[in-house]
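Accompanying notes for the structure given below.
Number of protein chains: 2
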Amino acid sequence: METWNRHNPIAQFTRQRRKELNLTQVELSDTTGVGLRFVRELEQGKPNLMTDKVNQVLLFFGHELTPTPISDETRRDLGT
Amino acid sequence: METWNRHNPIAQFTRQRRKELNLTQVELSDTTGVGLRFVRELEQGKPNLMTDKVNQVLLFFGHELTPTPISDETRRDLGT
DNA sequence: TGAATTTATACCTTTTAGGGTATAAAAAAG
DNA sequence: CTTTTTTATACCCTAAAAGGTATAAATTCA
Numbered sequence: 001m002e003t004w005n006r007h008n009p010i011a012q013f014t015r016q017r018r019k020e021l022n023l024t025q026v027e028l029s030d031t032t033g034v035g036l037r038f039v040r041e042l043e044q045g046k047p048n049l050m051t052d053k054v055n056q057v058l059l060f061f062g063h064e065l066t067p068t069p070i071s072d073e074t075r076r077d078l079g080t
Numbered sequence: 001m002e003t004w005n006r007h008n009p010i011a012q013f014t015r016q017r018r019k020e021l022n023l024t025q026v027e028l029s030d031t032t033g034v035g036l037r038f039v040r041e042l043e044q045g046k047p048n049l050m051t052d053k054v055n056q057v058l059l060f061f062g063h064e065l066t067p068t069p070i071s072d073e074t075r076r077d078l079g080t
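For the record, the sequence lines run as chains A and B.
Residues 1 to 80 in UniProt numbering are what the first sequence spells out, letter by letter.
Residues 1 to 80 in UniProt numbering are what the second sequence spells out, letter by letter.
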């Protein structure tokens, strides 16, 4: 099983934004319409998610998934 | 069923980069290790993909999926 | 401290993404 | 134009994501 990583870009972004708005995971789940379990797996860095669910959450923060140059953080994870 | 969109950021990016390198879908499939069908669905803008598969392809181009502010293109799609 | 709230883990079920392959359509090459 | 290559569509199958819920751990705050 691939390993989870709470510090991947998506997980980190979501958790940070949610906290900034002082929302609980339950509230974020309700407002975005995704399941509570999904919010949790997302924030805990589950390695495999469906893009439309992720975007459903990101949209709430005015964001979406797009390809960007690999970050140092990620490069470190890849052992490069 | 949600509608496909060949012009979404991920689809567009992948197709463009692949062409720049003069690769066929088959070649991209082989070198990245994802199925050929996946490459096709990706480039044709299937609305729902798994993030790790997408990243498996993007990695080949030195990129990865991250949250970015919503583009005008996407905003148009959302009818906003 | 202890009570209340928030987050994390575990189990089961339904749905669907992705792989493989075979075929058709379209594009490129000759 | 005809042939070859590339891309697109259609089918079945398997694996796993996402949902719901119940419980446990951790955090907050009185």
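Cβ coordinates follow ideal geometry from the N, Cα and C atoms, glycine included.
Assigned with DSSP and collapsed to three states, P69 of chain A falls in strand. Separation of F60 of chain A and T68 of chain B (C-alpha to C-alpha, rounded to the nearest whole angstrom) is 12 Å. Using a CB distance below 9 Å, the part of the segment 13-29 of chain B facing chain A consists of F13, T14, R17, ordered along the chain. Across the set B:R75, B:K46, B:H63, the C-alpha of B:H63 shows the shortest separation from the C-alpha of R75 of chain A. Spanning the alpha carbons of A11 of chain B and Q44 of chain B requires a straight line of approximately 6 Å. Between the C-alpha atoms of S71 of chain B and L58 of chain A there is a straight-line separation of about 13 Å. Rounded to the nearest whole angstrom, the C-alpha separation of N5 of chain A and K46 of chain A is 7 Å. Between the C-alpha atoms of T80 of chain A and V39 of chain A there is a straight-line separation of about 29 Å. Between the C-alpha atoms of E41 of chain A and N48 of chain A there is a straight-line separation of about 9 Å.
Per DSSP, reduced to three states, the secondary structure at E41 of chain A is helical. Taking the CA atoms as reference points, V54 of chain A sits about 17 Å from T3 of chain B. Contact annotation for T80 of chain A against chain B: no contact, minimum CB-CB distance about 10 Å [criterion: below 8 Å]. For R15 of chain A, the enclosing alpha helix (DSSP H) covers residues 9-20.
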